[in-house]
Amino acid sequence: MLILLTNDDGIHSAGLQALADRLQSLGRIVVVAPDRERSAIGHALTLHAPLRAEEILADRWAVSGTPTDAVNLGIHGILKEKPDLVISGINKGGNMGDDLTYSGTVAAAMEATLMGVPAIAVSLSSKSFSYTDFADAAGVAEQLARTVTEHGMPADTFINVNVPPSKPLGVRLTRQGKRIYEDAVIENIDPRGRTYYWIGAGDLDFQDLEGTDFHAVQHGYVSVTPLHLDLTNYAAMDRLRQWLMEDFPVDSDSEAPQA
Ligand code: MN
């Protein structure tokens, strides 16, 4: 087995190291990861600057770009062949609900999916933002890597895994939950007398809905969510078709939505 590992916390992150150590028994592990933390960078791709990649240890590459760059470069430039699996993580902090759209960890798994490689994103949730023990999360990642290898990944699908901060009570199959964002911006004056702003400063909450990623982790379970890249809201297609029929000359034969 050839497994490509990456993350968005940077090549020196303890979560990535724990993952690499744990997966050694599965085959050849190649780490290609950003040379510094690039959390919340989303699915950004570096198209207007050169990328550098330095092999700081054998099969351990630090890339001067984003997590998505690392996966793209890892597959096409460094490995020059498709790995059997890409795992992104173990992220310091959960990646659940609407936060997925910001996540560099999840975006790296998305990139692998676009390249036709099965992918798993793994994140460790913590309320205190202290991350000392990645052992349980690494164990979950190893087991899922074995499971995916044995059963194969459904087409156009990757899995998003969130591990609770305490010893997991089990594993739950979940759907993506809903964040409640408090619209807080900190405005202050810097030492040079200029105004600065700090976004994302509000308390984070979520809708405590059964069956969601947040709910599972909140109750001490590992959350496993199958994701795909199709953002189409099929439930809204009938409504939009009505609007368009009224206000635009629409081809009445346009395809019926498929759930
Ligand atoms: Mn991160």
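Numbering (my numbering), first residue to last: 356 to 614.
Every residue, glycine too, gets a C-beta built ideally from N, C-alpha and C.
Return the first residue and the last residue of the alpha helix (DSSP H) that residue i is part of.
i: ARG377; result: 369-378
i: LEU499; result: 490-506
i: GLY429; result: Careful: GLY429 lies outside any alpha helix (DSSP H) and carries neither H nor E.
i: ARG393; result: From DSSP, ARG393 is part of no alpha helix (DSSP H); its letter is neither H nor E.
i: LEU595; result: 592-602
i: VAL461; result: 459-469
i: PHE513; result: Counting along the chain, PHE513 falls outside any alpha helix (DSSP H), though it belongs to the beta strand (DSSP E) covering 513-518.
i: PHE569; result: 568-573
Between which residues of its own chain and residue i is the CB-CB distance below 6 Å, once the five residues before and five after are set aside?
i: TRP553; result: ILE541
i: PRO581; result: THR512 and ILE514
i: THR468; result: ALA474 and PHE513
i: ARG391; result: GLY365
The beta strand (DSSP E) spanning residue i covers which residue range?
i: LEU543; result: Note on identity: in this sequence residue 543 is Asn, with Leu being the wrong assignment. That run of the beta strand (DSSP E) goes 541-544.
i: PRO389; result: 383-389
i: GLU410; result: 408-412
i: THR361; result: 357-361
i: VAL477; result: 474-479
i: LEU528; result: 526-528
With a CB to CB cut of under 8 Å and the five nearest residues on each side skipped, what residues in its chain are close to residue i?
i: GLY507; result: PRO473
i: ASP560; result: ARG534, ILE535 and GLU537
i: ALA408; result: VAL387, TRP416, ALA417, VAL418, SER419, LEU428, GLY432 and ILE433
i: ASP558; result: GLU537 and ALA539
i: ARG383; result: MET356, LEU357, ILE358 and ASP414
i: ASP563; result: PHE569, HIS570 and GLN573
i: LEU524; result: HIS574, GLY575 and TYR576
i: ALA463; result: THR361, ASN362, ASP363, PRO422, THR423, ALA425, VAL426, VAL441, SER443, ALA474 and ALA476
i: LYS437; result: ILE430, MET470, GLY471 and VAL472
With distances taken from CA atoms, which of the options is nearest residue i?
i: VAL516; options: ARG594, THR361 and VAL526; result: VAL526
i: LEU455; options: VAL572, ALA476 and LEU371; result: ALA476
i: LYS482; options: GLU505, VAL572 and GLU409; result: VAL572
i: PRO405; options: ILE384, LEU428 and ILE411; result: LEU428
i: GLU466; options: THR587, HIS583 and ALA590; result: HIS583
i: LYS522; options: TYR576, SER368 and PRO509; result: TYR576
i: VAL518; options: HIS367, SER478, THR504 and LEU595; result: SER478
i: SER485; options: ALA591, ALA369, ALA463 and HIS574; result: ALA369
i: ALA510; options: THR502, GLY471 and ALA500; result: GLY471
i: VAL426; options: ALA556, GLY448, VAL385 and LEU564; result: VAL385
i: THR504; options: LEU381, ALA463, TRP598 and LYS447; result: LEU381
i: GLY448; options: SER480, TYR457 and TYR551; result: SER480
i: GLY555; options: TYR457, LEU371 and ASN588; result: TYR457
Give every residue of the same chain whose Cβ lies closer than 7 Å to the Cβ of residue i, excluding the five residues on either side of it in the sequence, and list them in chain order.
i: THR401; result: GLY420, THR421 and ASP424
i: GLY459; result: ASP363, ARG393, SER394, ALA395, ILE396, GLY397, THR421 and PRO422
Kindly indicate if chain B contains any beta-carbon less than 8 Å away from that of residue i.
i: LEU524; result: Considering every chain present, this structure includes no chain B. It has just one protein chain.
Are the stretch 534-554 and the stretch 495-503 touching, with three or more C-beta to C-beta distances below 8 Å?
no
Three CB pairs or more closer than 8 Å across the stretch 442-449 and the stretch 359-375
yes
Does the contact criterion of 3 or more C-beta pairs under 8 Å hold for the stretch 526-535 versus the stretch 560-576?
yes
Neighbouring residues (CB closer than 7 Å to any heavy atom of the ligand MN)
ASN362, ASP363, ASP364, GLU392, SER394, ASN446, LYS447, GLY448, GLY459 and THR460
Determine contact between the stretch 424-438 and the stretch 447-454, defined as no fewer than three beta-carbon pairs at a distance below 8 Å.
no
For the stretch 373-389 and the stretch 483-492, state whether three or more C-beta atom pairs, one from each stretch, are separated by less than 8 Å.
yes
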